[in-house]
DNA sequence: TCGCTTCTGGAACGTCAAGTCCAGAACGCG
DNA sequence: CGCGTTCTGGACTTGACGTTCCAGAAGCGA
């Protein structure tokens, strides 16, 4: 049990760049075809590295997958900025909903949530991956909750509202929406899910 | 492009039983470990058949997967009966929510939605499977919608309410809830998601 | 510049999984 | 009962995939 946060103590500038290239290629491929559908050979080729490099930076495919999870967590949160940090009024929530819908539209509804897809594929077969995904979702949920708490503190949201619960419900709607959007190749489910979440939040407005 | 509905013209009683055993074993294993995590050898052993039998009943693993999707669609809908067919008042909706939560609790939150998991894993890599999953979700959604339409027809639900949209939103909440429940190993997300959906429906009560 | 560490290329290995083949047993219709 | 079809067992082939190994190149602190 060693900390997952520090990954490889000594890395040259060049080393960091190579490692980064590998993780990015792997993340892209695993998003498109799933983890099982992505061979180390695929990653190798896409990143333009040799197989010894892969195993120089990652002890195994499982370790690479963990790095991909960390990478996608950052990517998902970053893609929602700056809106995600400012969900402190209904207008901001609406802007964020539009952003999420736009992102899914952009990719033609191919692929669901980068974290959600990994979660579905890995939860039952890789406990460590599951843990990291739980942490990733928690950060996302916390960002939403913080905005709602700010709304509440400033008196826009009823004191009866539970920002933690509302945040969980909103994330639930996003995940379900993205999953159905991916299967159906249609943005409606994401929009519908988020509209429901926002309507639900609105019932707690003052 | 041949019809998927008629699967193998001539099947002896014994043949049907064997085929059934294979599909059930495969469905179980694929639910637990994912499609990619389940080898034909695993299925073979679990079903107690020889590999020639597997390929006697299914042309390939992909074909077996389609049979599993069909099987899980029936199973998911059947598991929600009789509640699912009678979602025509708030009390019935609440009973159904409790049932879904209870089912997820029973399995210790291991595994998400049998259809949703398949959807996440297969949508991008198996177009035929994706299509079948779309059809499966559509049946589920239609069942919910029919209940809401009944409520509306009988005057309990506002004429402004869109049963189709509400059904999609409810299904979205279920899927997101089950996914998060699976990663977190905690029923809260399913309950939260369904509570939100029901609250949302309540805002259209007369 | 020297010497140690990190980084890289590419071949090779062992394993395992999907799918094939064939011979024979069970079945069921006439 | 007899014959064609369906069903079954198990060995085998083929290819892919994760991983290892080693030798050499590049980078970096002293």
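Protein chains in written order, with UniProt numbering: chain A, 1 to 206; chain B, 1 to 206. Glycine included, C-beta positions come from ideal geometry on N, C-alpha and C.
Give the secondary structure of residue 4 of chain A by DSSP, where H, G and I count as helix, E and B as strand, and everything else as coil.
Sequence index remark: in the first chain, residue 4 of chain A carries index 4 (1-based). At residue 4 of chain A, the pLDDT of 35 sits below 50, so the modelled position is not reliable; the number obtained from the coordinates is stated separately. It is coil, neither helix nor strand.
Contact with chain A by residue 127 of chain B, beta-carbon distance below 7 Å:
Here residue 127 of chain B refers to the residue found at position 127 when the second chain is read from its first residue. For residue 127 of chain B, the answer is no, since every Cβ of chain A falls outside 7 Å of its Cβ.
Enumerate in chain order the residues of its own chain whose CB-to-CB distance from residue 137 of chain B is below 8 Å, with the five nearest sequence positions on each side excluded.
Position 137 of the second chain holds residue 137 of chain B. Leaving aside the five residues that flank residue 137 of chain B on each side, the residues in its chain whose CB is nearer than 8 Å to its CB run, in chain order, 115, 119, 171.
Inter-residue spacing [alpha-carbon to alpha-carbon] between residue 193 of chain B and residue 85 of chain B
As a working mapping, residue 193 of chain B is identified with position 193 in the second chain. As a working mapping, residue 85 of chain B is identified with position 85 in the second chain. Cα-Cα distance, rounded: 21 Å.
Helix, strand or coil: how does DSSP classify residue 87 of chain A here?
Stepping through the first chain from its first residue, residue 87 of chain A is reached at position 87. Reduced to three states, the DSSP call for residue 87 of chain A is coil.
Secondary structure at residue 178 of chain B, three-state DSSP: helix, strand or coil?
Counting from 1 along the second chain, the entry for residue 178 of chain B is found at position 178. Residue 178 of chain B: helix per DSSP, three-state reduction.
The segment 145 to 155 of chain B in contact with the segment 147 to 155 of chain A per 3-pair CB rule at 8 Å
Taking 8 Å as the limit for Cβ pairs, the verdict is that the segment 147 to 155 of chain A does not touch the segment 145 to 155 of chain B.
Since residue 209 of chain A and residue 22 of chain A are thought to touch, with beta carbons under 8 Å apart, how far apart are those beta carbons, to the nearest angstrom?
Chain A is shown only over 1 to 206; residue 209 of chain A falls outside these bounds and no answer can be derived.
Would residue 27 of chain B and residue 62 of chain B be called neighbours here (beta carbons separated by less than 7 Å)?
Walking along the second chain from the start, residue 27 of chain B turns up at place 27. Walking along the second chain from the start, residue 62 of chain B turns up at place 62. No, they are not a contact pair.
Determine whether the Cβ of residue 184 of chain B lies closer than 7 Å to any Cβ atom of chain A.
As a position in the second chain, residue 184 of chain B is number 184, starting the count at 1. The Cβ of residue 184 of chain B sits closer than 7 Å to at least one Cβ of chain A.
In this structure, how does DSSP classify residue 198 of chain A when only helix, strand and coil are distinguished?
For the purposes of this step, residue 198 of chain A is taken as the residue at position 198 of the first chain. Of the three classes helix, strand and coil, the one that applies to residue 198 of chain A here is helix, per DSSP.
Check whether the segment 99 to 117 of chain B touches the segment 177 to 189 of chain B, counting contact only when three or more Cβ pairs, one atom from each stretch, lie closer than 8 Å.
Counting C-beta pairs closer than 8 Å gives three or more between the segment 99 to 117 of chain B and the segment 177 to 189 of chain B, which meets the contact rule.
For my contact list, residue 112 of chain B and residue 178 of chain B are in at a C-beta cut-off of 8 Å; report their separation, rounded to the angstrom.
Here residue 112 of chain B refers to the residue found at position 112 of the second chain. Here residue 178 of chain B refers to the residue found at position 178 of the second chain. Confirmed, Cβ separation roughly 4 Å.
Neighbour flag for residue 134 of chain B against chain A, beta carbons, 7 Å:
Here the question's residue 134 of chain B lines up with position 134 in the second chain. Residue 134 of chain B counts as touching chain A.
Chain B beta carbons: is any one of them nearer than 7 Å to that of residue 74 of chain A?
Position 74 of the first chain, counted from the start, is the residue given in the question as residue 74 of chain A. Residue-level contact check: residue 74 of chain A does not touch chain B, since none of the beta carbons of chain B fall below 7 Å from its beta carbon.
Inspect the beta-carbon positions of residue 148 of chain A and residue 133 of chain A and report whether they are closer than 7 Å.
Position 148 of the first chain, counted from the start, is the residue given in the question as residue 148 of chain A. Position 133 of the first chain, counted from the start, is the residue given in the question as residue 133 of chain A. Cβ distance not < 7 Å, so residue 148 of chain A and residue 133 of chain A don't count as in contact.
Please list the terminal residues of the continuous alpha helix (DSSP H) segment that includes residue 77 of chain B.
The sequence position of residue 77 of chain B within the second chain is 77, counting from 1. Residues 61 to 79.
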